[in-house]
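Report on the following structure.
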Amino acid sequence: MRAILLGGGLALLISLIGTRFAIRQFTRWGYGQEVRDDGPTTHHVKRGTPTMGGVVIIGATVLGYLGAKLITLSPPTASALLLLLLFVGIGAVGFLDDFIKIYKQRSLGLRSKAKIVGQTVVGLTFGILALSPVLEDDRGQRPASFSISFIRDFDSLVLPAAAVVALILVMVIATSNATNLTDGADGLLTGCSMMVFGAYTIVNIWQNNQWCGQSDITYGKCYEVRDPLDLAIVAAAITGACFGFLWWNASPAQIFMGDTGSLALGAALAGLAVLTRTELLLVIVGGVFVMETVSVMLQVSWFKLSRRLTGSPKRLFRMAPIHHTFDMAWGEVTMVIRFWILTGLCVAGGLGIFYAEWVAGT
């Protein structure tokens, strides 16, 4: 437990101080955000705000985790290192996207195909290593399993290795793009991410307390998860890094996280879901991210279908992702707070289901 508090606390302090430094340096270097012309007109005033703040979130998380391990004199585990590899790797793809936007002074960075290729390379590497027998612990437990999971593995849904790697890849790409879509208002993604990663910190602490590797489990079902305590440290570090970043990212934002942060946060969520055997639970806990993604899919589908049927394309929403529609109706600050509330409800519901399953299994 001390390592979890250290990881979260160190990441918070590093992020809080580091973001202030990043604002000053990025402004000096001219690393300003380009804003979509088809976005809400109220967002045009944000053009030129420093971006790529996700570098601070990633750096604070890694340093917070390593600092906690160093202070407690405990070695890193395979699961935590794999999660950090995914987090940093997808963040690097986002960094390249942000850098191209700044260098070419346009709102579009990497081409969609190039971004998918980058996500695929990192996602496949993570998936293959997570299933590798080389990373088995002394109980024969690998970081990822061959079963589909909700709160724990479904023993009846065992898949071949290739199918599991493909599923992990889809999760990484889908979740990182979902958080990327959500990152469209001051403090929106940062605040939502704090709550979701905070929820996973609680999940990992509970799994560690009820871990099947312990000999004194006498109540409820235990959890077959490798390195739950170390995963909790990483989740707490990301939560703390988001806390520190939100101080400067809240409206009016003095810095944006950019694709560097938004893609990395989504990938880390997918990685946590895989490594904690809670893949389908992520759909509930990250309900706001699902809503944002579905709104874009519906908007695009209806636009194309209506154009084909009537010759006159129509939109379901005033603007997608859906938060832009509510932004225009309520104003940005009110919209962000209400989306935080929705995220809190999703997190509470997901944690409630997680705990109820354990109680019911006694």
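Heads up: the sequence shown runs through residues 224 to 585, numbered per our numbering.
Ideal Cβ positions, reconstructed from N, Cα and C, are used throughout, including at glycine.
It should be emphasised that the depicted structure is a prediction, and the values quoted were computed from it without experimental measurement.
From the beta carbon of residue i, is the nearest beta carbon of chain B less than 8 Å away?
i: residue 527; result: No chain B is present in this structure, which holds just one protein chain.
Helix, strand or coil for residue i per DSSP?
i: residue 297; result: coil
i: residue 376; result: strand
i: residue 370; result: strand
Mark residue i as exposed unless 16 or more other C-beta atoms lie within 10 angstroms of its C-beta, in which case mark it buried.
i: residue 362; result: exposed
i: residue 412; result: buried
i: residue 583; result: exposed
i: residue 378; result: exposed
i: residue 335; result: exposed
i: residue 305; result: buried
i: residue 327; result: exposed
i: residue 530; result: exposed
i: residue 534; result: exposed
i: residue 571; result: exposed
i: residue 233; result: buried
i: residue 457; result: buried
i: residue 372; result: buried
i: residue 359; result: exposed
i: residue 452; result: buried
What is the residue span of the alpha helix (DSSP H) that residue i lies within?
i: residue 244; result: 225-252
i: residue 349; result: 335-354
i: residue 488; result: 481-498
i: residue 507; result: 504-508
In chain order, which alpha helix (DSSP H) runs of at least 4 residues are fully inside the region 514-561?
-> 545-553
Between the region 460-467 and the region 313-320, do at least 3 Cβ pairs fall closer than 8 Å?
-> Contact fails between the region 460-467 and the region 313-320, because fewer than three Cβ pairs, one in each stretch, are under 8 Å apart.
Which runs of the alpha helix (DSSP H) fall wholly inside the region 378-454 and span at least 4 residues, in chain order?
-> 384-405, 411-432
Are the region 270-283 and the region 229-246 touching, with three or more C-beta to C-beta distances below 8 Å?
-> Contact between the region 270-283 and the region 229-246 is present, because at least three Cβ pairs lie under 8 Å.
Inter-stretch contact (C-beta, 8 Å, three-pair minimum) for the region 466-481 and the region 513-532 | Cβ pair count under 8 Å is below three, so no.
Count the C-beta pairs between the region 546-555 and the region 563-576 that are closer than 8 Å, then say yes if the count reaches three, no if not.
-> A contact is defined here as three or more CB-CB pairs under 8 Å, and the region 546-555 fails this definition with respect to the region 563-576.
Taking contact to mean at least 3 C-beta pairs separated by less than 8 Å, is the region 351-368 in contact with the region 417-434?
-> These segments do not touch.
Is the region 291-300 close to the region 491-505, with three or more CB pairs under 8 Å?
-> With a cut-off of 8 Å, the region 491-505 and the region 291-300 do not count as touching, because too few Cβ pairs lie within range.
Would the region 388-405 and the region 339-350 be scored as touching if the rule is three or more Cβ pairs under 8 Å?
-> These segments touch.
Is the region 391-410 touching the region 442-454, taking contact as three or more C-beta pairs under 8 Å?
-> Result no; under three Cβ-Cβ pairs closer than 8 Å.
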